[in-house]
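K.L.:
Residue numbers (our numbering), protein chains in the order written: chain A, 1 to 421; chain B, 422 to 842.
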C-alpha cells in the first residue's frame, strides 16, 4: 500500500470516531490546539525560517515571501482563529427535516460530517491550522497537502495540532499532513475514491484547474470571481460611487472584488464624470468600452480613454484595474453578466423595484446583491464565521463555505417491522 | 465549435429562460409531453422495433431485449410518469433560510435550478422521458446521452418531448438528446465545465466508473448498494425473518436489496434454522461464514453449507444470493459494515434501545434503518415521488434524489448602500 493510501485509510478510521465526538470534546481539542501553537511559537518560527531561507534562495518574490512568513503576532492570530471556531455552533446532529410515512416509517434527515476531506493549498501556512480547525469542528478528518515552499512550517503546525487533538481524546489521525513535495502524492490523493469524500483546492487558478483535471474524488471548486456591478438608470449615484470604490479598492486581490462596472446609458453622462476621476484618484486604471471612450472624449475625461477589449470582459484582474461598459438596458446588463460572469457575486445599484426583482431572479450567481458591495461575499460577513473557501460551483455548496458546508446528511429511518409491498 | 459544445451552449441558453418559468407553465408542458407521447405511440413503437431488430442481430440477451422493448402499455406508463411529476411541488424559489445582519443587509438563501444537467444512461428508453420530466420540472435543461442500442426510440421520445415543451412556450433546447453512438461525444459531454453543471450517470458499475474516471464536470455517483441487515441479539426473530425475505426476494436486482445478513451469535442457533430454509424455499442461494457452516453441520441444515469467501463480503450480488455472517457483537457488525458497505442502506433488527441508537449514529450510509426493510430506500417510498437515481456519494445529495436534489441555492442579498469596512 502506498503511503498516501495508508494515510487515507487511517484518516477514514479516524473519521469514524471523530464523527461521534461531542461538541464539548471537539471544542476542548480546538482550545488545546490553539494553546499548543502559541506555546510552540519559537520552534514554529524557526521552522518557518527554514522555509523562508529556502524560498529566498529560489528567488521567491517579496509578496510571496510575505505570505509565507510567520511572526509571533501571526502565530497568535492563527491560534485566535482556532479559538473563534470554538464559539461556532456544532453543525453535526442537526435534524434538517423529518416526517412520518403512511406505513408508520419515521424518516429524519440528519446532518453528519462528510468524512475525510482533502485540502490542497498553496503557500500560506495559516491555511494548515484554519482548515484543520474547521474540519475538526465539523467532525471531519483532514488530509492536508500544502505548498512545498511551506513544508517545514506546515509539518510543525500539523504535528502540534494532531498531538493536541489526541491529548483531548480525539484520534491523532484526524489531522494529517502529506509532507512531501512529490507531485505524484497530490495526484494520488485526488484519486482516493472510497477513502476521501471530497477535495477542496484553495489557491490560484492553476492549482484549481489541475485538481479539476486530475481528480476522480468529488471536488468543490473555489475561487474565481469575475464580479460585476450594474448601475441601473434609476440608481442613487452617490451610493453607486461608494459601492464601486469599496468593491474595487478595499482589497483588489480577492475574489469578491468587482472587475467590470456596467452603466445604463441614460445615466452614463452623469455618472462617468463622477466615477472616473474618483477611481483614478484611488489608483485604479480604467478600461472603457467604445461608448465610454466617446463620452470621455466629448466631456474631456482622460482617465476614461484607455480601451477595453473582449479579453477585458473575461478578466479577473485581481488588481487595481476596472473595466467599464455602457449598456442599453437591464437586459443588456443581464446578458453581459450571463456571458462573462463566473457566477460568484453580482450587484445591481437601483431605486427601481422591478429592476431589483428581475436582477435578483435572473442573475445566476452564488451571491446576488441589490445596493450593496460585492465584497460582502465572505463567511464572516454572512455570519457563518471562518470559511474554508468560496464555492464557485453549484453542486453541494455555493458561495461562502462555513462549517455547515463541510457536512452532508443521512436518512435515519425508524420502523416497527415494515416491509415493502 | 463541436456539435456537443454547440448543444451545451444552447442548453445553457435554454436553462436561463427555463429557470424563470412558473410551475404552471412547466406543468402544462409536462402534460403536453405526456399527451404527445401517447399520441405518437405507433410511431414510437415502430422506432423501437428498429432498435430491437438491430439489437437482436447483434445477439442481445433476452433480458436486455426486454428492457429495451416498448409496448403500448409501457408507453402509457411512461406518459403516466410524466403526469405524476405535475403533482409534485415545484422546488424552485423556496426560501431555505434568511436573516438580517447587524449592518442591515438582508440575506436569503433561495432554491434555484442547477442549470444544465447531463444524464448518461444505458438501454431503457423510459429513462429518456423520466429524466427529461424531472429536469424540466426542477427548471433544468438536460443533455441526454442514452445507450446506442436505444437510439431510435430515444431520438423519437426526445424530439416529441422537446416539441411539446416548445408548444407550451418553453425553450425547445430544454430537452436535447445526443443522438450518436460515438463514444467521443460522451467524453466531450463529461468535460463541458462552465456549460454543464452536473453529470448523473445511471446504469451499471462500468458506466459509472467510466464517468467518474473521465469527467471534469461534477458528478453525482449513483447505484452501488452492498446493503446489510444486522440481526441483533434482542431482535424479534419473526420480524427479522419477514424483513430479510422482503429485502432479498422482493426485487433482487435493485440496489436497495440486501446482500449480507449479519447475525449476533447469541441468537444464531435459534435464527439460522428459521431463516435458512425459508430463504432457500424462495430460491435464495446462501453463502455462510465458517461459524454459520459449523452450526449448519451440527444442526443438519444443508442449505447453509456453502462457504462464503472474502469476496462475498464485497459483492453486490443483485440476484438471489445472500451471504450470512455470525458476529460477536454490535461492534463487530458495525466494523463489518464500515469495511464492506457501500454507504447505501443498512438496517438493524433489534428490540434494544441502546443498540438502535448506536447503529443509527455510527453507521455511515445514506439510509440507516431500525426494524425495516432496506427496500424502502426509494424516492416514492420516501414520499419524494419519482427519483432520478440514488446517490452513493456524500457531496450534494445522498440517497434517493427527487426534484429537490436537482436544485442548488443562491444567496439573495438586499441592502441600502452597505459597503464593507
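Every residue gets a Cβ at the ideal spot worked out from N, C-alpha and C, and that includes glycine. Quick caveat: nothing in here was measured; it's all calculated off a predicted structure.
Just confirm the distance between the C-beta atoms of residue 286 of chain A and residue 304 of chain A, as a whole number of angstroms; I'd bet it's less than 8 angstroms.
P.N.:
With 8 angstroms as the limit, residue 286 of chain A and residue 304 of chain A qualify as a contact, their Cβ atoms being about 6 angstroms apart.
K.L.:
Under 7 angstroms Cβ-Cβ, which residues of chain A neighbour residue 790 of chain B?
P.N.:
Within chain A, the residues near residue 790 of chain B are 413 and 415.
K.L.:
Residue 388 of chain A: which of A/161, A/403 and A/377 sits nearest, CA to CA?
P.N.:
Looking at the Cα atoms, A/403 is the closest of the given residues.
K.L.:
To the nearest angstrom, report how far apart residue 781 of chain B and residue 168 of chain A are at their CA atoms.
P.N.:
Distance between the alpha carbons of residue 781 of chain B and residue 168 of chain A is about 25 angstroms.
K.L.:
Per DSSP, what are the beta-bridge partners of residue 597 of chain B in this structure?
P.N.:
Looking at the DSSP assignment, residue 597 of chain B forms a beta bridge with B/564.
K.L.:
Looking at the strands, I want to know which residues DSSP matches up with residue 229 of chain A.
P.N.:
Residue 229 of chain A pairs with A/261 and A/347.
K.L.:
I need the boundaries of the alpha helix (DSSP H) containing residue 822 of chain B, first residue and last residue.
P.N.:
Per DSSP, residue 822 of chain B belongs to no alpha helix (DSSP H); it is in the beta strand (DSSP E), 820-822.
K.L.:
Judging by CA-CA distance, which residue of B/596, B/794 and B/434 is the nearest neighbour of residue 678 of chain B?
P.N.:
Of the candidates B/596, B/794 and B/434, the one whose C-alpha sits nearest the C-alpha of residue 678 of chain B is B/794.
K.L.:
For residue 333 of chain A, which residues in the same chain have their Cβ closer than 6 angstroms to its Cβ, ignoring the five residues on either side in sequence?
P.N.:
Counting only Cβ-Cβ distances below 6 angstroms, and skipping sequence neighbours, we find 230, 262 and 327.
K.L.:
Under 8 angstroms, do residue 406 of chain A and residue 134 of chain A count as touching if we go by C-beta distance?
P.N.:
Yes; because the gap between Cβ atoms is below 8 angstroms, this pair is in contact.
K.L.:
Could you tell me which residues DSSP pairs with residue 839 of chain B in its beta bridges?
P.N.:
A/372, per the DSSP bridge assignment.
K.L.:
Out of B/488, B/551 and B/607, state which residue places its alpha-carbon closest to the alpha-carbon of residue 429 of chain B.
P.N.:
Closest option to residue 429 of chain B, Cα to Cα, is B/607.
K.L.:
Can you confirm whether residue 344 of chain A, when its beta carbon is compared against all beta carbons of chain B, has any partner nearer than 8 angstroms?
P.N.:
No, its Cβ sits nowhere closer than 8 angstroms to a Cβ of chain B.
K.L.:
Using a 10 Å radius around the Cβ and a threshold of 16 neighbouring Cβ atoms, would you call residue 802 of chain B buried or exposed?
P.N.:
It counts as buried.
K.L.:
What does a CB cutoff of less than 8 angstroms around residue 518 of chain B pick up in its chain, not counting 5 residues either side in sequence?
P.N.:
Answer for residue 518 of chain B: 529 and 530, listed in chain order.
K.L.:
Go through its chain and collect everything with a Cβ distance to residue 468 of chain B's Cβ below 8 angstroms, but skip five positions before and after it.
P.N.:
Cβ within range, chain order: 573, 574, 576 and 577.
K.L.:
Considering only C-alpha positions, which residue in the set B/627, B/424, B/542 and B/547 is nearest to residue 465 of chain B?
P.N.:
Cα-wise, what sits closest to residue 465 of chain B is B/547.
K.L.:
If you follow the beta strand (DSSP E) that residue 217 of chain A is in, where does it begin and where does it stop?
P.N.:
Premise fails: residue 217 of chain A is in no beta strand (DSSP E) and is neither H nor E.
K.L.:
Residue ranges of each alpha helix (DSSP H) run of no fewer than 4 residues wholly in the segment 462-546 of chain B, ordered along the chain?
P.N.:
The segment 462-546 of chain B contains these whole alpha helix (DSSP H) runs: 462-478, 483-489 and 493-508.
K.L.:
Check the Cβ-Cβ distances between residue 122 of chain A and every residue of chain B, and say whether any is below 8 angstroms.
P.N.:
Cβ-Cβ to chain B under 8 angstroms: no for residue 122 of chain A.
K.L.:
Does the CB of residue 218 of chain A have a neighbour CB from chain B at under 8 angstroms?
P.N.:
So, interface residue.
K.L.:
According to the Cβ coordinates, are residue 584 of chain B and residue 457 of chain B closer than 8 angstroms?
P.N.:
Yes. Within cutoff.
K.L.:
Under 8 angstroms between beta-carbons, which chain A residues line up against residue 614 of chain B? List them in chain order, please.
P.N.:
Neighbours of residue 614 of chain B on chain A, chain order: 212.
K.L.:
May I ask you to verify whether the segment 389-398 of chain A touches the segment 828-838 of chain B, counting CB pairs closer than 8 angstroms and requiring at least 3?
P.N.:
With the cut-off at 8 angstroms, the segment 389-398 of chain A and the segment 828-838 of chain B touch.
K.L.:
For residue 10 of chain A, which residues in the same chain have their Cβ closer than 6 angstroms to its Cβ, ignoring the five residues on either side in sequence?
P.N.:
Cβ within range, chain order: 173.
K.L.:
Chain A beta carbons: is any one of them nearer than 8 angstroms to that of residue 619 of chain B?
P.N.:
Closer than 8 angstroms: yes.
K.L.:
Does residue 803 of chain B come within less than 8 angstroms of chain A when only Cβ atoms are used?
P.N.:
Yes - at least one Cβ of chain A is within 8 angstroms of the one on residue 803 of chain B.
K.L.:
Going along chain B in order, which residues have a C-beta closer than 8 angstroms to the C-beta of residue 16 of chain A?
P.N.:
The answer, in chain order, is 759, 783 and 785.
K.L.:
With 8 angstroms as the C-beta to C-beta threshold (strictly closer), list the residues of the segment 502-523 of chain B near chain A in chain order.
P.N.:
Of all residues in the segment 502-523 of chain B, 520 and 522 have a Cβ within less than 8 angstroms of some Cβ in chain A.
K.L.:
What do you get for residue 508 of chain B, buried or exposed, if any count of 16 or more other CB atoms within 10 angstroms of its CB means buried?
P.N.:
Its Cβ having fewer than 16 others within 10 Å, residue 508 of chain B is exposed.
K.L.:
Answer with yes or no whether the minimum CB distance from residue 455 of chain B to chain A is below 8 angstroms.
P.N.:
It does not; no Cβ of chain A falls within 8 angstroms.
K.L.:
On a CA-only basis, which of A/150, A/142, A/246 and A/105 is nearest residue 797 of chain B? Give me that one, please.
P.N.:
Comparing Cα-Cα distances from residue 797 of chain B to each of A/150, A/142, A/246 and A/105, the minimum goes to A/105.
K.L.:
Tell me whether residue 422 of chain A sits in a helix, a strand or coil according to DSSP, three-state version.
P.N.:
Because chain A here runs from 1 to 421, residue 422 of chain A falls outside it and cannot be looked at.
K.L.:
Excluding the 5 residues flanking residue 280 of chain A on each side, which residues of the same chain have their C-beta closer than 6 angstroms to its C-beta?
P.N.:
Cβ neighbours of residue 280 of chain A beyond the five flanking positions: 303.
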